[in-house]
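Residue numbers (the numbering used here): 195 to 702.
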């Protein structure tokens, strides 16, 4: 019996030692392959606003001020550092100090990623690239883009395309579902101060997406990808809400929106109604989505892509009740390696139809419903599809941060635009990027521009990464606006950054 007890104790000690050793090994690797980056950036210019591409598609870290400066420090570990393991862990912290921005101090990113094989749980706020588009050259996604500051969220995702088993490598899936909360209470209070404009606090966020790719580049050069993105703003507390003319009951301009389980369900599956819907209930919250289609051809040393995205804000445009006239079309060519041009991109966007200029709910005297005037990105409670003033969708629908009247709305939601992006690497140390956009705005159906207003936006950017100082990158950019849409302006932007490693481990 004594020997049996000793044997059990020995087994327990060995087991505890194994657990302790394994746990320590797991914690120890979290201190490996840590990357840090320090950035200093300054902008100087003339005009009422900074050049358009100095402000937009920078994850909310741009500013409309022509003269500004920011200092940025980030540290983190990419989950890809554990690519040889089933369990992968990543994390990051990104802090910004700024002058002539909407805030002197910003927590830009703070997140932790926990991944098992292909499935990841991401917690916190994190910059995420646009789906199915070039993150450096495109104008952006129409629903979830790289224009606004990240929203803190809990997100379950397949972050990369996952090959579905038993399909012989022909079917691939990418998807996510997320819930989070807006953090722009202070910005909304400051922006609307002294007015009776709409503002909200503690609004909740939801997004989901699914993409299916058909193709096997090892056997056939052409692949096709299609998918759906949907998002919603709901819950929270609203001030200065307006009563609909057809509302027949009592109405309070200050309301707390539902935020219980039913509200989360209505965000996930659009349903319910808003506080000021009156007798004609609509889906609860600010609902938005888009359909995606992309074709890619993989040649020998080169690639070509064409893609399309269709925005919708209700069922009338989600399916085929009305023609899909409003679209973002794009084409991209990645050329064989050469010292002149690596990638050329062109996009055309139109948002002028919006289901037509007429809206009419069915009544006893006229029982036909006409679902027009969609008024993209705008909402009667939440103002606009924005975070801290920046559009969460495509930047070409001018963000509320440009408004001089303290209104959190999109004044120019009906537009036509042409956009070109070019980038290349003349040498291993030198790179460049060029963006040029021509846009024509018709205002909105509720506030049309009597004459279409034009704007032209240009940015030319060059970067230098000297091989003598590994990790150092310096850049200079020139930007200019023409036309009446945002006025005349020009400016330069200088950037210096250094990236290094802490306890970097090379893969064996």
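Here a beta-carbon is modelled for each residue, glycine too, at the ideal position from N, C-alpha and C. Keep in mind the model is a prediction, meaning the values are calculated, not measured.
Exercise for the section: Could you tell me whether the region 647-654 touches the region 628-638, using the rule of 3 or more Cβ pairs below 8 Å? Expected result: yes
Practice task
Please name the residue, chosen from 636, 670 and 696, that lies closest to residue 678 on a Cα-to-Cα basis.
Solution key: For this step, residue 678 is matched to residue 484 along the chain shown. Of the candidates 636, 670 and 696, the one whose C-alpha sits nearest the C-alpha of residue 678 is 636.
Problem - Ordered list of beta strand (DSSP E) runs contained in the region 557-640, each at least 3 residues - result: 609-618 and 624-637
Problem - Cutoff 7 Å; reference residue 547; Cβ partners in own chain excluding five residues on either side - result: For the purposes of this step, residue 547 is taken as residue 353 along the chain shown, with counting starting at 1. Cβ neighbours of residue 547 beyond the five flanking positions: 519 and 520.
Problem - Inter-stretch contact (C-beta, 8 Å, three-pair minimum) for the region 578-597 and the region 334-348 - result: yes
Handout entry: Nearest to residue 303 (by Cα), restricted to the options 277, 255, 281 and 276
Key = Within the chain shown, numbered from 1, the residue matching residue 303 stands at position 109. The candidate whose alpha carbon is nearest that of residue 303 is 255.
Problem - Spatial neighbours of residue 317 in its chain, beta-carbon cut-off 6 Å, leaving aside the 5 residues before and after - result: Looking up residue 317 in the chain shown gives position 123. Counting only Cβ-Cβ distances below 6 Å, and skipping sequence neighbours, we find 306 and 348.
Exercise for the section: Might you give, ordered along the chain, the residues of its own chain that have their beta carbon closer than 6 Å to the beta carbon of residue 300, omitting 5 neighbours on each side? Expected result: Mapped onto the chain shown, residue 300 falls at position 106. Sequence-distant Cβ neighbours of residue 300 in its own chain, meaning closer than 6 Å and more than five residues away, are 290.
Exercise for the section: Tell me, to the nearest whole angstrom, how far the beta carbon of residue 434 is from that of residue 390; I am working on the premise that it is less than 8 Å. Expected result: Walking along the chain shown from the start, residue 434 turns up at place 240. Walking along the chain shown from the start, residue 390 turns up at place 196. The Cβ separation is near 5 Å, so the contact holds.
Handout entry: Alpha-carbon spacing of residue 691 relative to residue 454, whole angstroms
Key = The residue you call residue 691 lines up with position 497 of the chain shown. The residue you call residue 454 lines up with position 260 of the chain shown. Rounded to whole angstroms, residue 691 to residue 454 spans 44 Å at the Cα level.
Exercise for the section: Report yes or no: do three or more beta-carbon pairs, one from the region 379-397 and one from the region 361-371, lie closer than 8 Å? Expected result: no
Handout entry: Contiguous alpha helix (DSSP H) assignments of at least 4 residues, all confined to the region 227-280
Key = 246-249
Handout entry: Integer Cβ distance of residue 260 from residue 239, believed to fall under 8 Å
Key = Here residue 260 refers to the residue found at position 66 when the chain shown is read from its first residue. Here residue 239 refers to the residue found at position 45 when the chain shown is read from its first residue. Going by Cβ atoms, the distance from residue 260 to residue 239 rounds to 4 Å, so yes, they are a contact pair.
Exercise for the section: Would you tell me roughly how many angstroms separate the C-alpha atoms of residue 569 and residue 480, rounded to the nearest one? Expected result: Along the chain shown, read from residue 1 onward, the residue named residue 569 stands at position 375. Along the chain shown, read from residue 1 onward, the residue named residue 480 stands at position 286. One C-alpha to the other measures close to 12 Å.
Problem - Spatially closest choice to residue 292 from 235, 516 and 407, by CA coordinates - result: Mapped onto the chain shown, residue 292 falls at position 98. For residue 292, the nearest C-alpha among the options comes from 235.
Problem - Assigned secondary structure, residue 512 (DSSP; H/G/I helix, E/B strand, else coil) - result: As a first step, residue 512 is located in the chain shown; it is residue number 318 there, counting from the start. Note: residue 512 maps to helix in three-state DSSP.
Handout entry: the region 373-385 touching the region 350-359, judged by at least three CB pairs closer than 8 Å
Key = Because the criterion of three Cβ pairs below 8 Å is not met, the region 373-385 and the region 350-359 do not touch.
Practice task
May I ask you to verify whether the region 404-423 touches the region 589-599, counting CB pairs closer than 8 Å and requiring at least 3?
Solution key: Result no; under three Cβ-Cβ pairs closer than 8 Å.
Exercise for the section: Express the C-alpha separation of residue 298 and residue 496 in angstroms, rounding to a whole number. Expected result: Position 302 of the chain shown holds residue 496. Position 104 of the chain shown holds residue 298. Cα-Cα distance, rounded: 44 Å.
Exercise for the section: Name the two residues that bound the continuous beta strand (DSSP E) containing residue 661. Expected result: Indexing the chain shown from 1 puts residue 661 at position 467. Premise fails: residue 661 is in no beta strand (DSSP E) and is neither H nor E.
Practice task
Measure the Cβ-Cβ separation of residue 608 and residue 330 and say whether it is below 8 Å.
Solution key: The residue labelled residue 608 in the question sits at position 414 within the chain shown. The residue labelled residue 330 in the question sits at position 136 within the chain shown. The answer is no: Cβ separation not under 8 Å.
Problem - Residues of its chain near residue 400, where Cβ-Cβ distance is below 6 Å and the 5 sequence neighbours each way are ignored - result: Looking up residue 400 in the chain shown gives position 206. Within the same chain, residue 400 has close Cβ partners 373, 426 and 461.
Exercise for the section: Kindly give me the distance between the Cβ atoms of residue 539 and residue 524, rounded to whole angstroms, as I take these residues to be in contact under 8 Å. Expected result: Working through the chain shown from its first residue, we reach residue 539 at position 345. Working through the chain shown from its first residue, we reach residue 524 at position 330. Indeed, because the Cβ distance is near 7 Å, the residues count as touching under 8 Å.
Practice task
Return the residue from the list 694, 432 and 404 that minimises the CA-CA distance to residue 383.
Solution key: If you number the chain shown from 1, residue 383 lands on position 189. For residue 383, the nearest C-alpha among the options comes from 432.
Practice task
Report buried or exposed for residue 560, applying the criterion of at least 16 other Cβ atoms within 10 angstroms of its Cβ.
Solution key: Sequence index remark: in the chain shown, residue 560 carries index 366 (1-based). Here residue 560 scores only 45 on pLDDT, less than 50, and its place in the model is too uncertain to base an answer on.
Exercise for the section: Indicate the three-state DSSP secondary structure (helix, strand or coil) for residue 382 in the structure shown. Expected result: What you label residue 382 is simply residue 188 of the chain shown in a count that begins at 1. Residue 382: helix per DSSP, three-state reduction.
Handout entry: Residue environment, residue 587, which counts as buried when at least 16 other CB atoms sit within 10 Å
Key = In the chain shown, the residue the question calls residue 587 occupies position 393. Residue 587 comes out buried.
Problem - Beta carbon proximity, residue 392 to chain D, threshold 8 Å - result: This model lacks chain D altogether, as it is built from one protein chain only.
Problem - Continuous beta strand (DSSP E) stretch holding residue 368: start and end - result: As a position in the chain shown, residue 368 is number 174, starting the count at 1. Residues 365-375.
Handout entry: Nonlocal neighbours in the same chain, by C-beta distance under 6 Å from residue 572, ignoring five residues either side
Key = Taking the first residue of the chain shown as position 1, residue 572 is located at position 378. These residues qualify, in order along the chain: 578, 603 and 604.
Practice task
Reducing DSSP to helix, strand and coil, say where residue 496 ends up.
Solution key: Along the chain shown, one-based indexing puts residue 496 at 302. Of the three classes helix, strand and coil, the one that applies to residue 496 here is coil, per DSSP.
Handout entry: Close beta carbons around residue 638, own chain, < 8 Å, minus the five adjacent residues each side
Key = Along the chain shown, read from residue 1 onward, the residue named residue 638 stands at position 444. Correct list, in chain order: 569, 572, 604, 605, 606, 607 and 608.
Problem - Where residue 414 falls: helix, strand or coil (DSSP) - result: To locate residue 414, count along the chain shown from 1; it is residue 220. DSSP places residue 414 in coil when its eight states are reduced to three.
Problem - residue 246, buried or exposed, once every other Cβ within 10 Å from all chains shown has been counted against 16 - result: Counted from its first residue, the chain shown places residue 246 at position 52. It is buried - the Cβ of residue 246 has at least 16 other Cβ atoms within 10 Å.
Practice task
Decide if residue 482 is buried, meaning its Cβ has at least 16 other Cβ atoms within 10 Å, or exposed.
Solution key: Looking up residue 482 in the chain shown gives position 288. With 16 or more Cβ atoms within 10 Å of its Cβ, residue 482 is classed as buried.
Exercise for the section: Taking residue 406 as part of the alpha helix (DSSP H), name the residues at either end of that continuous run. Expected result: Here residue 406 corresponds to residue number 212 of the chain shown, with the count starting at 1. Premise fails: residue 406 lies in the beta strand (DSSP E), 398-408, not in any alpha helix (DSSP H).
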